[in-house]
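> The following block contains the structure, expressed as structure tokens.
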Amino acid sequence: MSIPESRYWNHWAETLNREAIDALHFKRLKLLLDYAYTRSAFYRDYWKRAGFHPDMVRSLEDFKNRVPLTDKKDFLQLQEDFPPYGPTVAVGEQDIAHHAETSGSTGLPLRIPFTDYDTERYGESWIYGWWALGIRPQDSFYFAFNWGNYAGFWSAYWGVRRFGAKLYSGGGQTTEQHVRNILRLKPTVLISTPSYALRILEAAGQMGVDLASSSLRFTYHAGEPGPCSLSSVRKKLDEGFGAISGELLGIAEVDAVAPGCRLRRGVHMSEMSNFSWSMDPVSGNEVGDGDIGENVLTTYANSAQPLINYRTHDLVRAFNRPVCGCGSTWRYLDGVVLGRSDYMITIKGTNVYPAAVENLISDVPGVSPHFQLVLSREGAFDNLLIRIEPEAHWDVSRWQGIADEVVQRIKDVVGVRLNAEIVEVGTLPRTELKAKRIVDTRELEFRRELDRSGGWAHS
Ligand SMILES: [Zn+2]
């Protein structure tokens, strides 16, 4: 008798009931608190000043309510004051096996030290998502990105090593070379950012190559909203590559925190390596199950630089019960990340998260993955214009209908009427790394205004 293959990488862990998962978290959090208190000068001092001691945590509720929050900007400041890593590190220099950095897209890059142990755990988080989608160690991975210092895709490499699959590194080649490599090497899985995968499809089209009939059976993405966040991106990738696309939500300095769901309408947290809860970003209180709140994380995957009750500023709609239907009991983020708690604008008196608008637009039939939200200021008021490229096969006579539908959906959900315009196919910028769908011109206008009034020194 043969044993049927499990749908899960770790069947036992991924189907535990909530009480058992929480009991495991509590044990691990207690150990982590003691570890950080003993090993990290930062945590010891910070907690003492806040009147906190690890012994005060007797339940998960205590953990959420009593352990002081941490934030990336504090770590950045400490690294600036005490380079290279600041007093937050909990291991000796000789134990650091890999130095990575965040992309620095929102300012100075954060330096991230990892021990060997950390890289193994971080890598394994990817595997839960790969396995759920149907990827197996017999598959072969093609990495289409320039490695650099960016932790995100290095961790995918650690995952492939742990998984035991074969890996091809495309490195920093041209998009056309990546297309030729895929045809020549015949990998079965493509790893890249979602927008770069779309770029590869465009380049292949221009070369007269149909990648839907290539060896690729899966594409897997991280770094920006992808197939589990945006249905237009999912459709475009699935059809373009003739493959199944997947998405992982990673946070460079934390872990490959949420490696996916096979039903692809959201992602599951990697609960063997992370504990998380949702917080009202204003009051600091926990929000209800299924309500939108900021994802606050604690990771067991970073022993070099522990991150405890760490604010991500990502707004999520999280469920601690199995609502998606895929069978996994791990915490589920419906729609992945819905917005940023530190990035909100006010339009006609209504608070709007541009990323939430982005998710709504993507679901409208006829909308291609190429669209932009242009933020501007008119007098004292913020304004948001939506520019959309229609899908190429949609007739011009139906364009206005697409724009009307976009405006209506946003009005229904967000409660504010925005302007949407359809632009010619191929006019919006394509990027190599992260798609920049939100264009904020307000800073520029502010500078121009100062310039006009003589208050701005040219630089
Ligand atoms: Zn699921």
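The sequence shown finishes on residue 493 if you use the working numbering, and the numbering steps up by one all the way, no holes.
Just so you know, even glycine gets a beta-carbon here, dropped at the ideal spot from N, CA and C.
1. Which one or two residues does DSSP pair with arginine 62 in a beta bridge?
2. With a threshold of 6 angstroms (Cβ to nearest heavy atom), would serine 362 be considered close to ligand 1?
3. Could you name each continuous alpha helix (DSSP H) segment of 4 residues or more that falls completely within the segment 246 to 278, going from the start of the chain to the end?
4. Are the Cβ atoms of valine 459 and alanine 437 separated by less than 7 angstroms?
5. CA-CA distance, histidine 492 and valine 267?
6. Contact between the segment 157 to 168 and the segment 113 to 128: three or more CB pairs below 8 angstroms?
7. Does threonine 461 pass the burial test, meaning 16 or more other C-beta atoms within 10 Å, or should it be called exposed?
8. Looking at the structure shown, is aspartate 115 part of a helix, part of a strand, or coil, going by DSSP?
9. Sort Glu48, His255, Tyr176 by Cα distance to serine 307 and report the nearest one.
10. Please classify histidine 45 as buried or exposed, where buried requires at least 16 neighbouring CB atoms within 10 angstroms.
11. Can you list the alpha helix (DSSP H) stretches of 4 or more residues lying completely in the segment 413 to 453, in chain order?
12. Please check the pair asparagine 282 and glycine 163, which I expect to be a contact at CB under 8 angstroms, by giving their CB distance rounded to whole angstroms.
13. Under 6 angstroms Cβ to Cβ from glutamate 439, same chain only, skipping five residues before and after it: list those, please.
14. Please list the terminal residues of the continuous beta strand (DSSP E) segment that includes glutamate 135.
15. So, are the CB atoms of phenylalanine 275 and leucine 250 less than 7 angstroms apart?
16. Is DSSP giving alanine 84 helix, strand or coil here?
17. List in chain order: all unbroken alpha helix (DSSP H) runs of 4+ residues lying wholly within the segment 148 to 177.
18. Does the distance from the C-beta atom of alanine 238 to that of threonine 253 stay below 7 angstroms?
19. Phenylalanine 148 to glycine 359, Cα distance in whole Å?
20. Just to confirm, is the Cβ distance from serine 375 to glutamate 328 under 7 angstroms?
21. Based on DSSP bridge pairs, tell me the residues matched to glycine 242.
22. Quick one: what's got a C-beta closer than 7 angstroms to isoleucine 169's C-beta in the same chain, skipping five residues either side?
23. Tell me the DSSP secondary structure of valine 288 in three-state form.
24. Taking 7 angstroms as the cut-off, decide whether the C-beta atoms of valine 213 and valine 243 are in contact.
25. Between arginine 155 and the rest of its own chain, which residues show a CB-CB distance below 8 angstroms, the 5 nearest in sequence each way excluded?
26. Closest by CA to asparagine 343, which one among Val350, Ser337, Thr332, Arg351?
27. Sorted by chain position, which residues of the same chain lie with C-beta nearer than 7 angstroms to lysine 98's C-beta, five sequence neighbours on each side aside?
28. Can you check whether the CB of leucine 452 is closer than 7 angstroms to the CB of leucine 418?
29. With H, G and I counted as helix, E and B as strand and the rest as coil, what does DSSP make of glutamine 211?
30. Excluding five sequence neighbours on each side, which residues of the same chain lie with their C-beta closer than 6 angstroms to the C-beta of tryptophan 165?
31. Entirely within the segment 350 to 423 and at least 3 residues each: give me those beta strand (DSSP E) ranges in chain order.
32. So tyrosine 346 and valine 330 are in contact, right, with Cβ under 8 angstroms, and what is the actual spacing, rounded?
If we stick to the structure as given:
1. Looking at the DSSP assignment, arginine 62 forms no beta bridge with any residue, so it has no partner.
2. yes
3. 265 to 275
4. no
5. For histidine 492, the predicted model reports a pLDDT of 31, less than 50, meaning its position is unreliable; a value from the coordinates is still stated below. Computed Cα separation, rounded: 41 angstroms.
6. no
7. exposed
8. helix
9. Glu48
10. exposed
11. 433 to 448
12. Looking at the sequence provided, one finds leucine at residue 282 rather than asparagine. With a Cβ gap of about 5 angstroms, leucine 282 and glycine 163 count as contacting.
13. Val398
14. 132 to 135
15. yes
16. coil
17. 150 to 167
18. no
19. 35 angstroms
20. yes
21. Answer is none; glycine 242 lacks a bridge partner.
22. Val223, Phe252
23. coil
24. yes
25. Asp289, Ser307, Tyr334, Ala335
26. Thr332
27. Trp311, Glu320
28. yes
29. helix
30. Trp43
31. 366 to 368, 379 to 381, 384 to 386, 401 to 412
32. The identity of residue 346 in the sequence shown is threonine, whereas the question assumes tyrosine. With a Cβ gap of about 7 angstroms, threonine 346 and valine 330 count as contacting.
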